[in-house]
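Taking it in order: structure first as structure tokens, then the write-up.
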Amino acid sequence: MAADGYRLILVDFDATRLADMAARYPGAETHVLDQRDPAAVTRFCEEAIEQGTFADVAVVNAGMLVIGNVADISRQAMLDQLQVNLVSGALMIQSLARRMSRERKGHIIATVSMGGIVSLKGSATYSASKFGLRGLLWGLRDELSADGVHVTGIYPAGIDTPMLRHEARNGGSALNFVGDPVTVDDVVDAITGALRKPRLEVYVPYSEGLTGRIAGAWPGLLARLYPMLERMGEKGRAKFLRRIGEA
1 MAADGYRLIL
11 VDFDATRLAD
21 MAARYPGAET
31 HVLDQRDPAA
41 VTRFCEEAIE
51 QGTFADVAVV
61 NAGMLVIGNV
71 ADISRQAMLD
81 QLQVNLVSGA
91 LMIQSLARRM
101 SRERKGHIIA
111 TVSMGGIVSL
121 KGSATYSASK
131 FGLRGLLWGL
141 RDELSADGVH
151 VTGIYPAGID
161 TPMLRHEARN
171 GGSALNFVGD
181 PVTVDDVVDA
191 ITGALRKPRL
201 EVYVPYSEGL
211 TGRIAGAWPG
221 LLARLYPMLE
231 RMGEKGRAKF
241 LRRIGEA
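In terms of my numbering, the sequence shown has 92 at position 92, counting the first letter as 1, and numbering is strictly consecutive.
Now the structure itself:
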């Protein structure tokens with residue numbers, strides 16, 4: 001986006017990572033924000049509005065995953081996932097929607113996940129947050145369409161990121177590895193494509209979006225297919241770990 005002339009406003013909880021990004025993109029405005037803290041998120045949004053900050057394009061990308069069954073993870077792990085993945089994103093999207101609606105232009109893009117279409121055992125809380133985000137985007141699109149504001153959700157399969165590598169090493173769902181993980185560049189290409197041709201949902205890759213929507217339409221089907229898919233996924237996990245030099 002910087003190459004296309006956009007001025008970047010970057011938000012992250014990691015000050016070191018933000019400093020690295022600022023060095024990579026001179027002129028970028030950076031803000032450290034712990035998105036697990038709803039008061040901090042609300043304060044950030046209110047201050048941005050007061051300062052007249054306007055974003056032509058907003059990419060809401062924060063996400064976290066704690067591996068484990070609902071009965072096994074801590075309450076804090078559950079709350080943190082819901083806060084970061086859903087509540088924080090929703091508060092930011094609300095502020096953006098208000099401003100873009102007044103300006104009668106803009107594009108809100110949120111990185112959701114294939115986990116917002118199909119919920120897997122071991123990551124049910126994560127999927128709950130992503131299902132909620134998907135529902136928000138669906139309704140929001142129709143609320144803002146008359147104002148000339150576009151809304152898009154990006155639905156990647158497993159992305160080769162530190163989060164996916166953590167899952168691969170620590171018993172994350174094997175179903176994340178049934179297909180080859182996509183790259184960050186694949187997701188960037190999806191976002192760029194949505195900017196050129198706005199649409200409500202973009203699946204990365206499209207084939208997994210299709211199978212995910214079929215599975216989502218018949219929830220009982222997934223339970224029957226779990227044994228076969230888990231065998232395929234464990235082979236895919238081993239292949240992925242070999243590729244990153246950890247097997």
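A virtual CB, placed ideally from N, CA and C, is assigned to each residue, including glycine.
Expected contact under 8 Å - CB spacing of residue i and residue j to nearest Å
{"i": "Met114", "j": "Glu50", "result": "Wrong, their Cβ atoms sit about 37 Å apart, outside the cutoff."}
{"i": "Met92", "j": "Val60", "result": "6 Å"}
{"i": "Val249", "j": "Gly212", "result": "Outside the displayed range of the chain (1 to 247) lies residue 249, so it cannot be described from this structure."}
{"i": "Gly8", "j": "Ala2", "result": "With the sequence shown as reference, residue 8 is identified as Leu, and Gly is not the correct amino acid for it. Yes, Leu8 and Ala2 are in contact; Cβ-Cβ is about 6 Å, under 8 Å."}
{"i": "Ser95", "j": "Ala48", "result": "7 Å"}
Residue environment, residue i, which counts as buried when at least 16 other CB atoms sit within 10 Å
{"i": "Val107", "result": "Correcting the residue identity first, residue 107 is His in this sequence and not Val. Classification for His107: buried."}
{"i": "Thr152", "result": "buried"}
{"i": "Leu63", "result": "The residue you asked about is not Leu; residue 63 is Gly in the sequence shown. Burial call: buried."}
{"i": "Pro219", "result": "exposed"}
{"i": "Ser145", "result": "exposed"}
{"i": "Lys130", "result": "buried"}
{"i": "Arg231", "result": "exposed"}
{"i": "Arg224", "result": "exposed"}
{"i": "Arg199", "result": "exposed"}
{"i": "Gly158", "result": "buried"}
{"i": "Arg36", "result": "buried"}
{"i": "Leu33", "result": "buried"}
{"i": "Ala190", "result": "buried"}
{"i": "Gly236", "result": "buried"}
Contact set for residue i: own chain, Cβ-Cβ below 7 Å, skip 5 residues either direction
{"i": "Lys197", "result": "none"}
{"i": "Ala90", "result": "Leu136"}
{"i": "Ala215", "result": "Val118, Leu221 and Leu222"}
{"i": "Arg141", "result": "Val151 and Leu200"}
Same chain, Cβ closer than 6 Å to residue i, neighbours up to 5 away in sequence not counted
{"i": "Asp12", "result": "Leu18"}
{"i": "Gly148", "result": "Arg104 and Lys105"}
{"i": "Leu120", "result": "Ser173 and Leu175"}
{"i": "Asp160", "result": "Pro181 and Thr183"}
In DSSP terms, what residue i is bridged to
{"i": "Thr152", "result": "Ile109"}
{"i": "Tyr203", "result": "Tyr155"}
{"i": "Thr30", "result": "Leu10"}
{"i": "Ala58", "result": "Ile108"}
{"i": "Val182", "result": "Ile159"}
Beta-carbon proximity list for residue i, same chain, < 8 Å, skipping 5 on both sides
{"i": "Ala274", "result": "Examination of residue 274 is not possible in this model, given that the chain is present from 1 through 247 alone."}
{"i": "Val112", "result": "Lys130, Leu133, Arg134, Leu137, Gly153, Ile154 and Tyr155"}
{"i": "Gly233", "result": "Ser173, Ala174, Leu175, Asn176, Phe177 and Val178"}
{"i": "Ala40", "result": "Leu33 and Asp34"}
{"i": "Ala122", "result": "According to the sequence as given, residue 122 is Gly; it is not Ala. If we look at Gly122 and ignore the five residues flanking it on each side, its Cβ neighbours are Ile67, Gly68, Asn69, Gly171, Gly172 and Ser173."}
{"i": "Met143", "result": "The sequence as given places Glu at residue 143; Met does not occur at that position. Closer than 8 Å at Cβ, skipping near neighbours: Ala97."}
Per the contact definition of three or more C-beta pairs closer than 8 Å, is the stretch 135-144 in contact with the stretch 167-180? They do not touch, by the three-pair rule.
Between the stretch 16-24 and the stretch 65-78, can you find at least three pairs of beta-carbon atoms closer than 8 Å? These segments do not touch.
The stretch 184-200 / the stretch 80-100 touching (three or more Cβ pairs under 8 Å): No: the two stretches stay apart, fewer than three of their Cβ pairs being nearer than 8 Å.
Report yes or no: do three or more beta-carbon pairs, one from the stretch 116-132 and one from the stretch 92-102, lie closer than 8 Å? With fewer than three CB-CB distances shorter than 8 Å, the stretch 116-132 does not count as touching the stretch 92-102.
Whether or not the stretch 237-245 and the stretch 156-176 are in contact is what I'm after, with contact meaning three or more pairs of Cβ atoms, one per stretch, closer than 8 Å; do they touch? The stretch 156-176 is in contact with the stretch 237-245.
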